[in-house]
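Numbering (numbering that gives the first Met the number 0), first residue to last: 0 to 578.
Every residue, glycine too, gets a C-beta built ideally from N, C-alpha and C.
Since the structure is predicted, the reported quantities are computational estimates derived from the model, not experimental observations.
Everything on this sheet refers to the single structure shown next.
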Amino acid sequence: MPSIASLIPVSSGPRPRDVTGIQPRRVRAVNDSVRGESSAPKDLGALDSCDKHKNVGVEREARTSTLELAARKLPLPLRIAAFAALAGAPVAFAAGFDLPTKRTDLSDADLKRVADVTRPTADFSMAEQYEAMQAGATTSVDPVTEDSFSHISANIPFEEEQDFKLGNALFRKLWVSSPSSTQASDGLGPLFNARSCMSCHVNDGRGKPPEGGPSAVSMFLRLSRAARTPEEERAIASADILNFPDPVYGRQLQDLAVPGLAAEGRMAIRYDEETVRLGDGETVSLRRPHYAVTDLAYGPFDALTTISARVAPAMIGLGLIEAIPEADILGHADPDDADGDGISGKAAIVRDHRSREIALGRFGWKAQNATVRDQNADAFANDIGISTPDHPDAHGDCTKAEEKCLDMPTGVQKRLGEEEAPGPILDLVTFYSQNLAVPARRRASFPETLKGKRIFYETGCISCHVPKFVTRRDSPDKAQSFQLIWPYSDFLLHDMGDGLADGQQVGLASGREWRTPPLWGIGLTRTISGHSFFLHDGRARDLTEAILWHGGEAEKARNAFSALSRDDRAALITFLESL
């Protein structure tokens with residue numbers, strides 16, 4: 000088995016030779032030298048034996064390193080008094096949850112080492128060591144193309160490549176309605192939004208609004224209502240349920256159906272243009288979306304049902320996000336804004352789909368899933384209508400009110416398993432999803448990029464878009480073990496203000512709260528996906544618009560961006576485009 004590298008600087012010791020199996024000529028492709036300096040390693044060290052570099056950092060007031068915060072601010076064991084901010088209902092306290100407050104996978108020496116290396120830098124004269132390798136040794140250094148989000152993690156052992164390729168084939172697989180001669184592929188729907196995972200995540204990238212076209216394949220509408228009774232409130236507060244579906248249309252509006260069945264309805268979008276004047280007098284037009292549903296086939300929505308538009312997120316780096324220790328994410332949480340900085344960051348507390356144990360949510364626009372597997376199983380069930388061991392109902396999101404849907408044949412083949420996508424299929428798609436590589440940074444050490452990075456830090460963006468983490472040393476997937484990664488997210492829930500509010504509660508996330516999305520790969524959106532639409536519903540047509548939509552806890556950073564000169568704003572965007 001080849002060595003699996005970790006790009007974590009140590010304070011002393013010799014720099015080893017490259018033992019990662021990544022060819023030096025490929026590494027040089029991301030060494031964007033400026034005046035002889037490089038933002039990527041000239042040789043990649045084996046686990047626990049990198050170069051002498053020690054990161055120079057600065058401590059933000061009342062927010063030091065992740066581990067220092069965990070030790071200073073949180074009791075042992077952690078008892079989170081999480082708020083279940085019910086949409087349109089009084090705030091309710093969540094039940095107490097035991098979650099780790101300190102990493103147990105590291106020695107004291109390594110705890111200090113991790114705290115040092117993840118502390119935000121104060122030196123913007125050059126790129127930080129290994130900064131271009133933003134996903135550690137898993138980073139892809141292949142040339143940038145429209146397939147740059149579809150590469151396997153660079154340090155995956157050869158014997159695991161087969162599972163990745165099989166998972167890729169299943170990710171692209173087009174499911175068909177039942178009954179069919181292709182029995183291993185039938186089971187689609189009966190109500191659905193897409194026929195394959197790749198239909199939503201084109202090139203493993205992000206989705207987009209339909210933009211006047213007939214299809215909204217990579218964007219859909221979530222349906223739910225808030226709790227009506229104290230019992231329902233307690234179920235949400237204890238993380239037993241995320242919210243309550245529409246009694247007729249379920250959890251998601253399916254705008255496609257198998258032959259012989261009517262689709263549920265169609266998404267309708269109208270935009271209003273709103274002009275925003277920046278500090279230097281320049282104006283930017285923002286488009287405010289208004290969502291509705293037409294052609295409802297099974298009667299009206301419940302009076303309390305809310306709709307929320309969501310585009311498919313990019314697929315890269317998911318396994319690394321899963322490998323971030325809970326304690327390190329919780330170390331950034333400050334639900335009561337104890338430090339008075341206006342940033343309250345709240346943990347999303349959910350339950351693992353299989354074990355039903357309490358877990359930290361980190362996937363989905365409202366962090367409603369704790370694991371990549373849970374996220375995939377939800378997508379199979381709701382987006383495609385395919386049953387898995389985690390969601391065994393072969394009729395997907397059909398409700399009791401949709402009787403004809405429940406009468407349609409399913410794709411369960413007893414000789415293959417009890418579900419339309421039996422365990423091995425879900426396992427392979429999950430492995431593929433966990434090991435899609437993050438591309439290397441471009442121009443990370445260029446002066447304009449470094450200027451933009453400094454402005455990004457100084458305007459307070461890193462209060463939520465936390466630059467760095469170090470993954471677990473005992474990660475089940477050794478390729479993701481003990482990696483220094485740069486996702487630029489805290490993976491917490493934040494109040495983003497009225498402008499981005501959808502009014503829809505998801506677990507402990509209120510109708511104003513969203514998970515901080517990771518930023519790695521954001522600069523390649525047009526290359527990968529062929530568009531530049533951002534935010535949860537794709538309303539922003541470029542990164543400037545995305546920033547200007549920030550409100551609530553992010554309003555201070557948004558206003559700081561708005562007050563910048565045109566050149567400084569352009570530098571900040573240049574930095575984002577390098578990610």
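Contact holds between the segment 136 to 150 and the segment 435 to 446, because three or more Cβ pairs, one in each stretch, are under 8 Å apart. For Thr305, the uninterrupted beta strand (DSSP E) segment begins and ends at 305 to 310. Pro423: member of the alpha helix (DSSP H) spanning 422 to 433, first to last residue.
The beta-carbon separation of Ala508 and Lys365, rounded to 4 Å, stays under the 8 Å limit for a contact. For Thr526, there is no enclosing beta strand (DSSP E); the residue is part of the alpha helix (DSSP H) that begins and ends at 524 to 528. Counting C-beta atoms within 10 angstroms of its own C-beta, Leu499 has 16 or more neighbours from the protein chains shown and is therefore classed as buried. For Lys477, the three-state secondary structure derived from DSSP is helix. No beta strand (DSSP E) of 3 residues or more sits fully in the segment 120 to 202. In this structure, the straight-line span from the alpha carbon of Arg557 to that of Pro516 is close to 16 Å.
Considering only Arg472, Gln412, Ile521, the residue with the shortest C-alpha distance to Gln182 is Gln412.
If you draw a straight line from the Cα of Lys467 to the Cα of Val275, it comes to about 32 Å. The beta carbon of Ala291 lies closer than 7 Å to those of Ala267 in the same chain, with the five residues before and after it left out. In the DSSP assignment, Trp513 is bridged to His493. Across the structure, Ile383 and Asp406 are spaced so that their CA atoms are roughly 18 Å apart. Between Gly537 and Val310, the C-beta spacing is below 7 Å. Closest in alpha carbon position to Leu575, among Lys555, Thr543, Ser564, is Thr543. Within the same chain, Cβ atoms closer than 7 Å to the Cβ of Arg353 are found at Asp389, the five residues on either side in sequence being excluded.
Asn381 carries a helical assignment under DSSP once its states are collapsed to helix, strand and coil. Check the Cα spacing between Asp301 and each of Tyr248, Glu272, Gly259: the tightest is with Tyr248.
Judged by pairs of C-beta atoms under 8 Å, the segment 478 to 489 touches the segment 314 to 323, as three or more such pairs exist. Contact annotation: Ala261 and Leu190 have beta-carbon atoms that are not nearer than 7 Å.
Segment contact: the segment 417 to 431 against the segment 370 to 379, three or more CB-CB distances shorter than 8 Å; contact assigned. In the displayed model, Arg557 falls within a helix according to three-state DSSP. In the three-state reduction of the DSSP assignment, Lys452 falls in the helix class, which pools H, G and I. Around the Cβ of Lys399, a 10 Å sphere holds fewer than 16 other Cβ atoms; the residue is exposed.
Ala378 sits away from Thr387, with the two beta carbons spaced by 7 Å or more. The DSSP-derived three-state label of Ser223 is strand. Minimum Cα-Cα distance from Glu552 among the listed residues Leu491, Val505, Gly502, Arg568 corresponds to Leu491. DSSP places Val411 in no beta strand (DSSP E); its state is neither H nor E. Residue environment: Tyr270 is assigned as exposed (fewer than 16 neighbouring CB atoms within 10 Å of its CB, all protein chains considered). Short of 8 Å from the beta carbon of Asn167, and not among the five residues preceding or following it, lie these beta carbons of its own chain, in chain order: Ser149, Tyr431.
Where Leu285 is concerned, the enclosing beta strand (DSSP E) starts and stops at 282 to 293. With fewer than three CB-CB distances shorter than 8 Å, the segment 170 to 177 does not count as touching the segment 228 to 235.
If you draw a 10 Å sphere on the C-beta of Leu285, you find 16 or more other C-beta atoms in it, and that means buried.
Residue pairing from DSSP places Ile268 in a beta bridge opposite Tyr290.
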